[in-house]
Amino acid sequence: MTAIAFICGILALIPLIAVLSYVIIQGFASLRPSLFTELPPPPLAPGGGFGNAIIGTIIMVGIGALISIPIGVLAAVYLTEFSSGKIARWVRFSTNILSGVPSIIAGVFAYGIVVVTIGSFSAFAGGVALSVLMLPIIVKTTDEALQLVSDDLRQAATGLGATNYQKVVWVILPAALPAIVTGSTLAIARAAGETAPLLFTALFSQYWFDGLFKPTASLAVLVYNFAIAPYKNWQAMAWAASLILVLMVLLTSIIARLATHRKKYT
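The numbers in the numbering used here rise by one with no breaks, and the one at position 16 of the sequence shown is 16.
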């Protein structure tokens with residue numbers, strides 16, 4: 001059984017290693033400094049880059065994080081510290097359902113709520129769609145982190161005369177902060193690689209970022225558009241963008257791992 005478990009573990013790693021190896025080999029062959037500072041080129045034209053897509057990805061993921069992290073953390077605090085059992089069960093059940101909703105549905109939702117209302121595809125609409133995908137991850141991880149905080153800390157804070165507000169802000173949240181950061185970075189990593197929601201909301205742009213309410217480029221959509229194009233220069237750029245996107249996700253995962261090093265309340 002030990003040998004079988006070991007073999008199954010290796011087999012589970014093979015797809016990951018294969019995908020990463022192929023992306024790294026193809027991506028590094030196409031990397032050059034101009035990719036980060038120039039705009040996408042016309043078909044068959046030499047040079048060019050995807051600096052606008054990098055900026056657009058950061059902006060839209062940032063908008064999603066600004067919307068989802070405060071709501072998610074506060075919702076988890078309510079669930080753990082203030083809600084009744086019945087309400088908490090329904091909210092957790094709803095969060096589990098939301099986490100299983102396909103990402104394209106979040107894009108359609110944001111399209112109907114934001115794009116139709118504004119009358120234009122935009123970075124803001126893309127950020128709203130990504131926030132819908134990030135929210136259940138943040139709520140679930142924060143909720144679990146707060147539940148793992150020792151009741152001794154809560155009782156000690158109450159015994160010292162702390163109000164509920166002081167107990168949450170100065171005792172419970174600091175104790176759970178590493179896990180909250182981990183959940184938030186994992187949610188950001190997922191949102192950074194989403195394509196379908198951005199096709200319905202931010203669409204794409206061949207130009208630099210021009211405002212929150214204008215169509216905006218993103219790495220995921222650039223990879224989608226350029227990978228299926230018949231032009232060799234666009235395909236090479238899609239591989240390079242894929243590598244950059246993987247490295248961005250890897251960076252957020254490293255941050256999450258570093259955050260988990262602090263596991264005890266100080």
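We put the beta carbon where it would ideally sit given N, CA and C, even for glycine.
Taken atom to atom, the span from the alpha-carbon of serine 120 to that of phenylalanine 213 is near 7 Å. DSSP places aspartate 152 inside the alpha helix (DSSP H), whose first and last residues are 151 to 159.
Under the three-pair Cβ rule at 8 Å, the segment 233 to 241 counts as touching the segment 28 to 47.
Just so you know, the alpha carbons of threonine 201 and glycine 100 end up roughly 20 Å apart.
DSSP, read as helix, strand or coil, puts glycine 9 in helix. The three-state reading of DSSP puts threonine 163 in coil, since its state is none of H, G, I, E or B. Apart from the 5 residues on each side of it in sequence, valine 128 sits with its Cβ closer than 8 Å to the Cβ of Ile63, Gly64, Ile67, Ala110, Ile113, Val114, Thr201 in its chain, given in chain order. The Cβ neighbour count for valine 77, taken over all protein chains shown within 10 Å, is at least 16; the residue is labelled buried.
For lysine 214, the secondary structure class from DSSP, reduced to helix, strand or coil, is coil. DSSP, reduced to helix, strand and coil, places isoleucine 97 within a helical segment of the structure shown.
Exclusion of the five residues before and after alanine 123 leaves Ile59, Met60, Ala202, Leu212, Thr216 as the residues of its chain whose Cβ lies within less than 6 Å of its Cβ. Note on threonine 117: under 16 other CB atoms within 10 angstroms of its CB, so exposed under the neighbour-count rule. Taken through DSSP and simplified to helix, strand or coil, threonine 182 comes out as helix. Assigned with DSSP and collapsed to three states, glutamine 206 falls in coil, not helix or strand. Selection Pro43, Thr37, Ala53, Leu250 evaluated against leucine 186 yields Leu250 as nearest (Cα-Cα).
In the three-state reduction of the DSSP assignment, isoleucine 228 falls in the coil class. For leucine 153, same chain residues with a beta-carbon under 8 Å away, outside a window of 5 residues either side, are Val171, Ile172, Ala175, Tyr265 in chain order. Ranked by how close their Cα comes to the Cα of proline 197, the residues Gly107, Gly47, Leu13, Glu81 have Gly107 in first place. Rounded to whole angstroms, isoleucine 137 and leucine 219 show a C-alpha spacing of 22 Å. Valine 169 is not a Cβ neighbour of glutamate 81, given a cutoff of 8 Å. Three or more Cβ pairs closer than 8 Å define a contact, and the segment 148 to 164 falls short of that threshold against the segment 84 to 104. Here serine 103 carries a helix assignment [DSSP, helix/strand/coil]. Annotation: the continuous alpha helix (DSSP H) that includes isoleucine 138 extends over 123 to 148.
Counting along the chain, the unbroken alpha helix (DSSP H) around threonine 201 starts and ends at 196 to 201. For methionine 1, there is no enclosing alpha helix (DSSP H), since its DSSP letter is neither H nor E. A buried status is given to serine 184, since no fewer than 16 other beta-carbon atoms sit within 10 Å of its beta-carbon.
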